[in-house]
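Novice: Handing you this structure, nothing more for now.
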Amino acid sequence: MFRRSALVALASVATPAAAAPVAITVQGPGGEPLAGAVVTIEVPGRAAPAPRGAYLIEQRDIQFQPRVLIVPVGATVGFPNRDKVRHHVYSFSRPKKFDLRLYGREDTRSVVFDKPGPVALGCNIHDLMSGFVFVTATPFAAQAGTTGRVAWTDVPAGGAVMRVWHPSIRAPGNSLSRPIAVGTAGYATTVTIGR
Numbered sequence: 064m065f066r067r068s069a070l071v072a073l074a075s076v077a078t079p080a081a082a083a084p085v086a087i088t089v090q091g092p093g094g095e096p097l098a099g100a101v102v103t104i105e106v107p108g109r110a111a112p113a114p115r116g117a118y119l120i121e122q123r124d125i126q127f128q129p130r131v132l133i134v135p136v137g138a139t140v141g142f143p144n145r146d147k148v149r150h151h152v153y154s155f156s157r158p159k160k161f162d163l164r165l166y167g168r169e170d171t172r173s174v175v176f177d178k179p180g181p182v183a184l185g186c187n188i189h190d191l192m193s194g195f196v197f198v199t200a201t202p203f204a205a206q207a208g209t210t211g212r213v214a215w216t217d218v219p220a221g222g223a224v225m226r227v228w229h230p231s232i233r234a235p236g237n238s239l240s241r242p243i244a245v246g247t248a249g250y251a252t253t254v255t256i257g258r
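Position in the sequence shown counted from 1, then plus 63, gives you our numbering.
Shown next, in the form of structure tokens:
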């Protein structure tokens with residue numbers, strides 16, 4: 064009797080999906096790596112990680128640094144001004160509209176990003192300043208470096224949706240998406256933008 068109850072209890076415990084490596088390479092129409100592209104893998108049932116640590120986009124040398132910052136939903140991002148001039152940071156993006164009126168050197172303003180999606184940044188004083196906060200609802204989000212490649216070692220096997228975002232992508236939301244099937248041995252592909 065005890066054995067049977069123990070077996071029933073063990074059978075009712077859910078087993079996690081096998082983790083697999085995933086590698087995505089993003090390239091432009093001529094085959095060149097598309098550095099700066101953000102790639103996400105959305106897996107059913109996997110939520111964004113909780114925000115951790117300090118998230119910052121500095122205003123330095125009349126630029127946003129970094130130009131693109133990936134944060135989980137719910138993250139608070141600080142915008143410290145490291146320049147000798149004042150800045151007025153704003154966004155009209157659907158996921159987060161905000162307006163941080165003029166503030167000077169070594170002052171910081173903060174914004175909570177509570178909806179997923181890319182948030183374009185600008186400065187009302189310096190028109191050439193542009194940047195992005197990419198807010199994600201998945202733990203599998205990364206930005207491609209100079210090789211155009213991103214990789215993870217622990218994506219659950221099964222169906223998922225891959226999204227690629229970059230300001231130069233000419234599509235709604237500057238992103239492309241497609242369903243993928245992650246096998247237990249992993250998944251790898253190259254995405255060419257502009258073809």
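C-beta atoms are modelled at their ideal positions from N, C-alpha and C, and glycine is treated no differently.
1. Does the beta carbon of G246 fall short of 7 Å from some heavy atom of the ligand NAP?
2. CB-CB under 8 Å to S173, same chain, minus the five flanking residues each way: which ones, in chain order?
3. Taking C-alpha atoms, which residue in R109, D124, V136, T103 lies nearest to L118?
4. Going by alpha carbons, who is nearest to G180 out of L163, L191, T210, V134?
5. Which one of A220, A234, P242 has the shortest CA to CA distance from P84?
6. Compare the C-alpha of L163 against each of A86, I188, S238 and name the closest.
7. State the start and end residues of the unbroken beta strand (DSSP E) segment that holds T209.
8. Considering only the beta carbon of each residue, do V224 and F203 sit closer than 8 Å?
9. Given G91, which residues of its chain have a CB within under 7 Å of its CB, disregarding the five upstream and five downstream residues?
10. How many Å lie between G94 and T252 at the Cα?
11. Can you tell me the Cα-Cα spacing of I120 and P242, whole angstroms?
12. Does E105 pass the burial test, meaning 16 or more other C-beta atoms within 10 Å, or should it be called exposed?
13. So is L132 buried or exposed if we call it buried at 16+ other beta carbons inside 10 Å?
Specialist: In brief:
1. In terms of ligand content, the structure shown is empty, and the ligand NAP therefore cannot be addressed.
2. T139, V140, G141, F142
3. Reading off the sequence shown, one finds Tyr at residue 118, where the question assumed Leu. Here the closest residue by C-alpha is V136.
4. The candidate whose alpha carbon is nearest that of G180 is V134.
5. Comparing Cα positions, the closest option is A220.
6. Check the Cα spacing between L163 and each of A86, I188, S238: the tightest is with I188.
7. No beta strand (DSSP E) contains T209, which DSSP labels as neither H nor E.
8. no
9. L97, I256, G257
10. 14 Å
11. 32 Å
12. With 16 or more other Cβ atoms inside 10 Å of its own Cβ, E105 counts as buried.
13. buried
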